[in-house]
Amino acid sequence: MMPAWPGFSLIIVGLLLAGMSPNVFAHHDVNSELTSTASNGQWVNDSIDISGSTTIPANSSSWVLYDITEPYVEWPVLRNGDFFSTVTPVDESLWIWTLSIDVQGLNCICWLEISLPDGLQNKKIFRVFFIGEGPHNPIVSPEHEMVVVIDEPVVISSHAFLADGDLNETMLEVNWCSAPQGACYGELFSDSVNLSWTDEVMTFTIDADSFNLSDGNWEFNYSLIDATLRTSPKIYLRVYVDQTDPIAVINGLSESNESQMISFDGSSSSDGVWSNLQYTWYLTDPNGDFRAAGVQQAQGAHLTLNESITTSGQWQIRLDVTDMVGRRDTTYANLTIHNKAPVAHMSINHLDGGGVGKYQINQGDELILDASNSLDSDIDMANLEYSWLIDGEEISQNKSIDLSEYEPGTYQIDLIVSDDENMKSELQLMVIINKVVEQKQGGFNLIGTVSAIAIIILIIYFIQFRKTPETVSTLPKWQKKSTEPTVENDEVEASDSGMWQDPSNKNQGKD
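Under this note's numbering, read the sequence shown as residues 2 to 512, first letter to last.
See below:
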């Protein structure tokens, strides 16, 4: 396990130690604002004498000398100061500078940092020195990342410096262990490996087969040992081994209706011991249009669809899974989306008209037919189209119509509601508008009067008609006066009332 290093990180060590050869030194000075011809790895006893050039005014420089003999602790400051020892102008924008630092009594591997302000930034150069009589251990400056991912063999490169001795007489010791949780777990392995040298640059290869590495997380460290068995500080790195192809898996529905929430799950995809797969989702609609799923739809191993599914038919879902070394696997799933037909609904004067096949009103009464409550899927609701027909002729494409001003008659009303895929729902209603007879002002009184008179006359007639014949015969029936002395009949019947006598006795009772 990597030792603690208060105040610094291992990556910073690698960056600070990088460039301890003339080539690396040139890399640090490539900006040309601040440069030095001094090389890394010099061995000095009494003083450090370093020089260089700058294109920045050199009147505000500063420097610090650190002890890096133990690189994984906070570096002690041994010397520091402001200003160069000398500054010589060469032309308007070039100065030659020198710096001398008294290091008597020091015995260390030291890091010199020189800084020169340039506006809001600082330009810096770094150099490593072996100071004092020693002995001084070798020092290694890694040129690789502190985290290495292995699919194929990986070459590890570092700069190495010796205070004395020959680099070709050195050896490299490598230690490694399985570290599934970030710390060594189980057996610790160790071996010496062959080095290749190019000037001060050493290289070796980490190969999963050579080191018997299975897929997983491994902790490595290595150190350089010189001919006198002096050992450099260890360089630590984390090694991830992934030699297994990932397997993409999609779980989800194979069919659904429009506007339903649809989810697909790719979390069953695998990559051996690893779980840090990258998931990329794609959609192909029934028209063949291909696109990547949006960030609101795709959340890692999960794909959620709702508003994006606006077309019925066959959809194709594609999932790509990529592991950390770039291996990829692709799988597909088919999804059939069924279009939900609309349901037409008609209200009559703001009341539910469901089940009403015939409706009557008088001429001039209000009649408003409304289809606003027709239903469809959430996706299609906004795209519904309405068509109103009267006796087979379209009169409106609005959601409602007003028939309040229509003339008397019988009308067949057809409502057709269509969605964006031309699926339809229809309703019919028979409307009867009755004619109303208008009456003149005062007409009711005249009719009433005439009717009353007629009734009175009928009553009188009825009374007369009901009179008996006897009542009528009480009146005398006169004979026509004749010149004849005799009457046609000898006898005359007496009336029922006894008022009339026999004519033969007509003189009876007279004196």
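Cβ atoms here follow ideal geometry from the backbone N, Cα and C, with glycine treated the same way.
Here the structure is a predicted model, which means the values were calculated and not measured.
* Rounded separation between aspartate 167 and lysine 124 - CA only -> Along the sequence shown, one-based indexing puts residue 167 at 166. Along the sequence shown, one-based indexing puts residue 124 at 123. Answer to the nearest angstrom: the Cα atoms are 34 Å apart.
* To do: Could you please give the first and the last residue of the uninterrupted beta strand (DSSP E) stretch that includes glycine 410?
  => Here residue 410 refers to the residue found at position 409 when the sequence shown is read from its first residue. That run of the beta strand (DSSP E) goes 410–419.
* According to DSSP, what are the bridge partners of tryptophan 76? -> Mapped onto the sequence shown, residue 76 falls at position 75. According to DSSP, which records beta bridges pairwise, tryptophan 76 is partnered with nothing at all.
* Proximity to alanine 164 [Cα-Cα], best of Arg231, Asn363, Cys178 -> Within the sequence shown, residue 164 is the residue found at index 163, counting from 1. When only C-alpha atoms are compared, the closest one is Arg231.
* **Where valine 129 sits in the DSSP three-state scheme** => Walking along the sequence shown from the start, residue 129 turns up at place 128. DSSP places valine 129 in strand when its eight states are reduced to three.
* Could you pull out every residue in the same chain whose Cβ sits closer than 7 Å to the Cβ of tyrosine 412, ignoring the five residues on either side in sequence? => The sequence position of residue 412 within the sequence shown is 411, counting from 1. Result list for tyrosine 412: Ile391, Asp392, Val432, in chain order.
* What is the rounded straight-line gap between the Cα of aspartate 87 and the Cα of tyrosine 67? -> The sequence position of residue 87 within the sequence shown is 86, counting from 1. The sequence position of residue 67 within the sequence shown is 66, counting from 1. Note that residue 87 corresponds to threonine in the displayed sequence, not to aspartate. Each residue's alpha carbon lies about 22 Å from the other.
* Which residues in the same chain have their Cβ closer than 6 Å to the Cβ of asparagine 258, if we skip the five residues on either side of it in sequence? -> As a working note, residue 258 is residue 257 in the sequence shown. Cβ-Cβ distances below 6 Å link asparagine 258 to His339, Lys341 in the same chain, with the five nearest sequence neighbours on each side left out; the list follows chain order.
* Asked: From the DSSP output, which residues share a beta bridge with glutamate 114?
  -> Here the question's residue 114 lines up with position 113 in the sequence shown. The bridge partners DSSP lists for glutamate 114 are Val65, Phe127.
* Give me the Cα-Cα distance between asparagine 335 and asparagine 288, rounded to the nearest whole angstrom. => The residue you call residue 335 lines up with position 334 of the sequence shown. The residue you call residue 288 lines up with position 287 of the sequence shown. The alpha-carbon atoms of asparagine 335 and asparagine 288 are separated by roughly 14 Å.
* **Sequence-distant residues of its chain with Cβ nearer than 6 Å to proline 154 (five each side left out)** => Indexing the sequence shown from 1 puts residue 154 at position 153. Cβ neighbours of proline 154 beyond the five flanking positions: Thr206, Asp208.
* **Cβ-Cβ distance between serine 48 and serine 116 below 8 Å** => To locate residue 48, count along the sequence shown from 1; it is residue 47. To locate residue 116, count along the sequence shown from 1; it is residue 115. Cβ distance not < 8 Å, so serine 48 and serine 116 don't count as in contact.
* **Candidates Trp198, Trp177, Gln182, Arg328, of which the one nearest aspartate 192 by Cα** => Mapped onto the sequence shown, residue 192 falls at position 191. That would be Trp177, whose Cα lies nearest to the Cα of aspartate 192.
* What residues are listed by DSSP as bridge partners for phenylalanine 438? -> For the purposes of this step, residue 438 is identified with residue 437 of the sequence shown, where counting begins at 1. Correcting the residue type first, residue 438 is valine in the shown sequence and not phenylalanine. Beta-bridge pairing links valine 438 to no other residue.
* Beta-carbon proximity list for serine 373, same chain, < 6 Å, skipping 5 on both sides -> Position 372 of the sequence shown, counted from the start, is the residue given in the question as residue 373. For serine 373, where only same-chain residues beyond five positions count, the Cβ hits under 6 Å are Lys400.
* Asked: If you drop the 5 nearest sequence neighbours on each side, which residues of the same chain put their C-beta closer than 8 Å to that of glutamate 408?
  -> Translated into the one-based positions of the sequence shown, residue 408 becomes position 407. Once the five neighbours on either side are set aside, the close Cβ partners of glutamate 408 are Gln364, Ile434.
* Under a Cβ-count criterion, where at least 16 other Cβ atoms within 10 Å of its own Cβ denotes burial, should threonine 55 be classed as buried or exposed? -> Within the sequence shown, the letter at position 54 stands for residue 55. Burial call: buried.
* Asked: When you compare only the Cα positions, how much space is there between tryptophan 316 and proline 343?
  -> Counting from 1 along the sequence shown, the entry for residue 316 is found at position 315. Counting from 1 along the sequence shown, the entry for residue 343 is found at position 342. Spanning the two alpha carbons is a distance of roughly 22 Å.
* Cβ atoms of proline 139 and threonine 171: under 8 Å apart, would you say? -> Residue mapping note: residue 171 aligns to position 170 of the sequence shown, counting from 1. Residue mapping note: residue 139 aligns to position 138 of the sequence shown, counting from 1. In this structure, proline 139 lies closer than 8 Å to threonine 171 by Cβ.
* To do: Classify phenylalanine 466 as buried or exposed, calling it buried when 16 or more other Cβ atoms lie within 10 Å of its own Cβ.
  => Numbered from its first residue, the sequence shown carries residue 466 at position 465. Answer is exposed; the Cβ neighbour count stays below 16.
* In its own chain, which residues sit with a C-beta less than 8 Å from the C-beta of threonine 36, not counting the 5 before and 5 after it? -> Locating residue 36 in the sequence shown gives position 35, counting from the first residue. Taken in chain order, the residues that qualify are Asp30, Gly53, Ser54, Thr55, Ile126.
* With methionine 172 as the anchor, note down where its beta strand (DSSP E) starts and where it stops. => Reading the sequence shown from its first residue, position 171 is the one you call residue 172. Taken as a continuous stretch (DSSP letters only), the beta strand (DSSP E) holding methionine 172 covers 172–179.
* Can you tell me the Cα-Cα spacing of tryptophan 219 and glycine 106, whole angstroms? -> Counted from its first residue, the sequence shown places residue 219 at position 218. Counted from its first residue, the sequence shown places residue 106 at position 105. One C-alpha to the other measures close to 42 Å.
* **Presumed contact (8 Å Cβ cut-off) between threonine 531 and isoleucine 251, rounded CB distance** => The requested residue 531 does not occur in the structure, where the chain is confined to residues 2 to 512.
* To do: Could you work out which residue in Ser63, Ile349, His145 is closest to phenylalanine 84 when comparing CA atoms only?
  => Counting from one through the sequence shown, the residue named residue 84 turns up at place 83. Checking every option, the nearest Cα to that of phenylalanine 84 belongs to Ser63.
* Verify whether the separation of the beta carbon atoms of serine 271 and isoleucine 248 is less than 8 Å. => As a first step, residue 271 must be located in the sequence shown, where it is residue number 270. As a first step, residue 248 must be located in the sequence shown, where it is residue number 247. Going by C-beta atoms, serine 271 is nearer than 8 Å to isoleucine 248.
* Buried or exposed (CB count within 10 angstroms, at least 16 for buried), tyrosine 280 -> Here residue 280 corresponds to residue number 279 of the sequence shown, with the count starting at 1. The residue is buried, with at least 16 neighbouring Cβ atoms inside 10 Å.
* Asked: In angstroms, rounded to a whole number, what distance separates the CA positions of serine 313 and isoleucine 417?
  -> Here residue 313 refers to the residue found at position 312 when the sequence shown is read from its first residue. Here residue 417 refers to the residue found at position 416 when the sequence shown is read from its first residue. The alpha-carbon atoms of serine 313 and isoleucine 417 are separated by roughly 21 Å.
* Distance CB(proline 90)-CB(tryptophan 98) smaller than 8 Å -> As a working mapping, residue 90 is identified with position 89 in the sequence shown. As a working mapping, residue 98 is identified with position 97 in the sequence shown. The Cβ-Cβ distance between proline 90 and tryptophan 98 does not fall below 8 Å.
* Asked: Count the other CB atoms within 10 Å of the CB of arginine 128; is the residue buried (16 or more) or exposed (fewer)?
  -> On the sequence shown, residue 128 is found 127 positions in, with the first residue counted as 1. Buried is the call here.
* Asked: What did DSSP end up calling serine 37 once you bin it into helix, strand or coil?
  -> Translated into the one-based positions of the sequence shown, residue 37 becomes position 36. Reduced to three states, the DSSP call for serine 37 is strand.
* **Segments of 3+ residues assigned as beta strand (DSSP E) that fall wholly inside the segment 381–408** => Fully enclosed beta strand (DSSP E) runs of no fewer than 3 residues occupy 386–391, 394–397, 401–403 of the segment 381–408, in order along the chain.
* Go to threonine 199, then tell me how far its beta strand (DSSP E) extends in each direction, as first and last residue. => Taking the sequence shown and counting its residues from 1, one reaches residue 199 at position 198. Where threonine 199 is concerned, the enclosing beta strand (DSSP E) stretches over 197–199.
* Pick helix, strand or coil for aspartate 272, following the three-state DSSP scheme. => As a working mapping, residue 272 is identified with position 271 in the sequence shown. In the structure shown, aspartate 272 falls within a strand segment according to DSSP collapsed to helix, strand and coil.
* To do: Starting from histidine 145, follow the beta strand (DSSP E) in both directions and report where the run begins and ends.
  => The sequence position of residue 145 within the sequence shown is 144, counting from 1. Note, histidine 145: premise wrong, no beta strand (DSSP E); not H, not E.
* Extent of the continuous beta strand (DSSP E) run through isoleucine 49 -> In the sequence shown, residue 49 corresponds to position 48, counting from 1. Per DSSP, the continuous beta strand (DSSP E) segment holding isoleucine 49 begins and ends at 48–55.
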